[in-house]
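Undergrad: I have a structure I would like to understand better, so I am pasting it below and will then ask my questions one at a time.
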Amino acid sequence: MQFIFVTGGVLSSVGKGILTSSIGKMLQTRGYTVTAVKVDPYVNVDAGTMNPYIHGEVYVTDDGGETDLDLGWYERFMDINLPTDNNITTGQIYQTVINKERRGDFLGRCVQIVPHVTNEIKRRIRFVAEKEKVDVVLTECGGTVGDIEGLPFLEAIRQMRLEEGYENTLYVHVALVPILDVTMEMKTKPLQHSVNELRRIGIQPDTIVARCTKMIDSEALRKIALFGTIPEEAVFCSYNVPSVYQVPLILDNQGMGDYICKRLRLPDKKPQWSQWNEFVDAISKPRFEVVVALVGKYAGLVDSYVSMSEALRHGGASCQTRVTIDYIEAEEFERQPNKLEILQKYNGIFIPYGFGPRGTEGKIAAIRYARENDIPFLGICYGFQLAVVEFARNVCRLENANSTEINPDTPHPVIDLMPEQRSIQHKGASMRLGAHNIIVEENTIAYRLYCATEIYERHRHRWEVNADYKETLEKHGLIFSGKSPDRRRMEILELPDKYFFFASQFHGEFKSRPGKPDPEYYGFVKACLDKKLEKPRSQF
Ligand code: GLN
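The opening residue of the sequence shown carries number 0 in numbering that gives the first Met the number 0; numbering runs sequentially from there.
Here it is as structure tokens:
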């Protein structure tokens with residue numbers, strides 16, 4: 000088995016996740032099987048307790064892991080389903096080591112960062128490798144080289160070269176190459192410093208990827224090779240492209256896939272890009288465009304909604320449509336209710352996931368606007384719950400109906416805490432998580448979209464539709480077209496007399512892939528387009 004380790008330098012958000020996914024894709028298109036692991040140096044046990052406004056969205060795996068959003072990129076690029084074990088954090092490593100110490104497993108020895116913590120890191124990476132039995136395991140080290148908290152991880156991957164052998168390990172370092180706007184010069188010095196920092200720890204990178212707004216010039220490339228002590232053919236550039244899905248193509252064109260295979264002694268195979276190219280073409284040469292309003296609470300950080308925005312794009316690519324997303328802070332509609340009128344210009348209104356009361360009245364107002372003006376609407380998780388609240392208030396006339404998450408004293412708790420959640424004290428990994436099956440009712444929009452009576456979708460929530468209100472809601476025309484197998488839990492709602500009004504308790508975006516869009520996202524974008532083209536209601 001071969002191991003590739005990806006580190007990043009100069010600053011964070013330099014595109015390590017996309018690079019790791021792209022390397023995986025280059026290997027996959029050559030017929031090799033791959034998996035990817037993200038190591039995150041933070042002390043949180045998982046990403047579930049982190050605020051998306053600071054760290055970006057929490058990604059949810061099939062098996063219910065709340066992970067770093069990079070796992071989403073790996074899944075989307077490589078079309079694989081990763082288990083929660085593929086996200087390793089300092090919190091998990093320390094938890095295991097300390098538990099072992101308490102059990103007495105260390106037999107009186109002094110427990111140290113090296114070797115006990117580093118051994119546990121290596122064990123976890125190898126555990127994934129052994130379980131998944133793939134040709135290549137990619138490991139992306141979160142954070143930036145030089146961070147204090149990343150040191151044990153870098154030390155662990157340094158040791159892995161000794162243990163796995165030179166020809167079975169490859170270090171890829173990616174760092175920013177800024178262009179000075181005064182002289183327009185490409186500056187490689189920060190990259191050189193980050194390579195030096197890596198070497199100080201004992202890691203000599205095998206390949207270096209310069210992250211730059213433009214393709215680096217030959218002078219910059221020569222310098223990076225010289226000061227990085229690698230051949231020029233091992234230097235690549237990840238420059239800005241209109242779509243992230245083009246990154247594996249531009250790197251492979253520069254010879255990165257062939258270089259990696261040669262260096263890892265993987266037999267040379269011609270890459271098969273046709274399927275990927277087809278998707279990239281669809282996304283980069285659209286015939287139509289729709290503009291969607293995403294009304295949320297974390298609208299200031301697009302990474303908070305990355306799986307959702309990607310799922311919208313995947314849906315768009317399948318109907319030759321560019322989806323432009325305007326992120327709108329829900330609270331703006333609370334401060335200035337007449338601002339709601341701006342929603343008129345959108346082809347669709349999308350209400351994403353969310354937590355807590357802030358901004359909910361703004362979202363409810365936006366849902367009402369969508370329903371009353373018949374603008375295509377998609378609500379996900381909190382968006383689903385708030386659509387129920389809106390319908391209860393304004394159609395069923397249940398005054399002050401609400402979710403008990405927002406108002407515990409509401410006279411009509413149409414959304415209530417799930418019974419199994421009531422006794423939960425711990426916040427970590429305690430929501431209803433991961434993939435559960437859902438029964439889809441026939442003769443519904445949901446059935447026509449999914450073409451199945453049973454689907455399997457990922458969840459992350461504590462509240463749900465209160466079954467005491469089901470009948471009232473249904474009597475007024477709301478259809479619950481997807482339910483848990485015992486029919487107790489409402490999973491999908493739709494309003495059949497609207498152009499497209501659809502919401503789900505689950506998160507379809509986590510299973511959306513390039514070329515294989517998630518049905519609810521596809522249905523929404525298609526409806527936005529059809530309505531824009533003034534078509535009578537689409538087939539849904
Ligand atoms: N806050 C809601 C709940 O916990 C919705 C969660 C979400 O949107 N992921 O049920």
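We put the beta carbon where it would ideally sit given N, CA and C, even for glycine.
Because the structure is a prediction, the values reported are computed rather than measured.
The ligand GLN and W462: does the residue's C-beta get closer than 8 Å to at least one heavy atom of that ligand?
TA: Because some heavy atom of the ligand GLN lies under 8 Å away, the Cβ of W462 counts as near it: yes.
Undergrad: Does P114 come out as helix, strand or coil in the three-state DSSP assignment?
TA: Here P114 sits in helix by DSSP.
Undergrad: Smallest Cα separation from I3: which of Y468, T443, P351, I156?
TA: The shortest Cα separation from I3 among Y468, T443, P351, I156 belongs to I156.
Undergrad: How about A445 and S480: are their beta carbons less than 9 Å apart?
TA: Yes. Within cutoff.
Undergrad: Let's see if you can read the secondary structure: which residues bound the alpha helix (DSSP H) around P412?
TA: From DSSP, P412 is part of no alpha helix (DSSP H) but of the beta strand (DSSP E) over 412 to 416.
Undergrad: Ignore the nearest five residues each way along the sequence and tell me which others in R488's own chain have a CB closer than 7 Å to its CB.
TA: E463, K482.
Undergrad: Assuming L175 and V9 form a contact by the criterion Cβ under 8 Å, report the distance between their Cβ atoms to the nearest whole angstrom.
TA: Their Cβ separation, rounded to whole angstroms, is 4 Å, which keeps L175 and V9 in contact under 8 Å.
Undergrad: Alpha carbon to alpha carbon, what distance is there between F354 and L300?
TA: Roughly 16 Å separates the two Cα atoms.
Undergrad: Given Y58, which residues of its chain have a CB within under 6 Å of its CB, disregarding the five upstream and five downstream residues?
TA: Cβ within range, chain order: T66, L68, L70, G71.
Undergrad: Measure the beta-carbon distance from N86 to D45 and round it to whole angstroms, keeping in mind my assumption that it falls under 8 Å.
TA: Confirmed, Cβ separation roughly 7 Å.
Undergrad: Any idea if K284 is buried or exposed, counting beta-carbon neighbours within 10 angstroms, 16 or more meaning buried?
TA: Under this definition K284 is an exposed residue.
Undergrad: Taking the continuous alpha helix (DSSP H) assigned at L311, which residues delimit it?
TA: Segment 305 to 316, the alpha helix (DSSP H) holding L311.
Undergrad: Taking all protein chains shown into account, decide if G14 is buried (16 or more other Cβ within 10 angstroms of its Cβ) or exposed.
TA: Buried.
Undergrad: Quickly, what does DSSP pair G7 with across the bridge? List them, please.
TA: Per DSSP, V173.
Undergrad: Leaving out the 5 sequence neighbours to the left and right, which residues in its chain are closer than 8 Å to T403 when beta-carbon positions are compared?
TA: Only T409, P412, I414, D415, L416, W462 meet the Cβ criterion.
Undergrad: Which two residues bound the contiguous beta strand (DSSP E) that contains N167?
TA: Segment: none, N167 is in no beta strand (DSSP E) and carries neither H nor E.
Undergrad: Please state the DSSP three-state secondary structure of E453.
TA: Correct three-state label for E453: strand.
Undergrad: When you compare the stretch 250 to 260 with the stretch 303 to 312, are there three or more beta-carbon pairs, one atom per stretch, that lie closer than 8 Å?
TA: No, they do not touch.
Undergrad: For E508, which three-state DSSP category applies?
TA: The answer is helix: DSSP assigns E508 an H, G or I state.
Undergrad: Residue ranges of each alpha helix (DSSP H) run of no fewer than 4 residues wholly in the stretch 233 to 306, ordered along the chain?
TA: If we require 4 residues or more, the alpha helix (DSSP H) runs fully inside the stretch 233 to 306 come out as 246 to 252, 255 to 262, 273 to 283.
Undergrad: Decide yes or no for the touch test of the stretch 28 to 42 against the stretch 211 to 222: beta carbon pairs closer than 8 Å, at least 3 of them.
TA: No, they do not touch.
Undergrad: Mind checking whether the beta-carbon of Y352 lies closer than 8 Å to any heavy atom of the ligand GLN?
TA: It does: the Cβ of Y352 is within 8 Å (strictly closer) of some heavy atom of the ligand GLN.
Undergrad: Between the stretch 25 to 32 and the stretch 269 to 279, are three or more C-beta pairs nearer than 8 Å?
TA: These segments touch.
Undergrad: Name the one or two DSSP bridge partners that E184 has.
TA: Paired residue(s): none; E184 is not in a bridge.
Undergrad: So who's on the other strand from G378, going by DSSP bridges?
TA: DSSP lists I350, A502 as partners of G378.
Undergrad: Using the rule of at least 16 other Cβ atoms within 10 Å of the residue's Cβ for burial, across every protein chain shown, is A451 buried or exposed?
TA: The residue is exposed, with fewer than 16 neighbouring Cβ atoms inside 10 Å.
Undergrad: Could you have a look at K482 and say whether DSSP puts it in helix, strand or coil?
TA: In this structure, K482 counts as strand in the three-state DSSP scheme.
Undergrad: Tell me the residue span of the beta strand (DSSP E) that contains V394.
TA: Looking at the DSSP string, V394 is not in any beta strand (DSSP E), and its letter there is neither H nor E.
Undergrad: With three or more beta-carbon pairs closer than 8 Å as the criterion, would you say the stretch 275 to 283 touches the stretch 500 to 516?
TA: The stretch 275 to 283 vs the stretch 500 to 516: in contact.
Undergrad: Secondary structure at Y73, three-state DSSP: helix, strand or coil?
TA: Y73 falls in the helix class under three-state DSSP.
Undergrad: Is there at least one non-hydrogen atom of the ligand GLN closer than 8 Å to the beta-carbon of I379?
TA: Yes, since a heavy atom of the ligand GLN falls inside the 8 Å radius drawn around the Cβ of I379.
Undergrad: Going by DSSP in three states, S402 sits in which element: helix, strand or coil?
TA: In the structure shown, S402 sits in a strand (DSSP, three-state: E or B).
Undergrad: Tell me the rounded alpha-carbon separation between R75 and I282.
TA: Roughly 15 Å separates the two Cα atoms.
Undergrad: Take Y381 and list the residues in its own chain whose beta-carbon comes closer than 6 Å to its own, dropping the five residues that flank it on each side.
TA: If we look at Y381 and ignore the five residues flanking it on each side, its Cβ neighbours are Y352, G353.
Undergrad: Of all the options V322, G361, G30, T138, which has the alpha carbon lying nearest to the alpha carbon of R334?
TA: Looking at the Cα atoms, G361 is the closest of the given residues.
Undergrad: CB-CB under 7 Å to P241, same chain, minus the five flanking residues each way: which ones, in chain order?
TA: Hits under 7 Å: S283.
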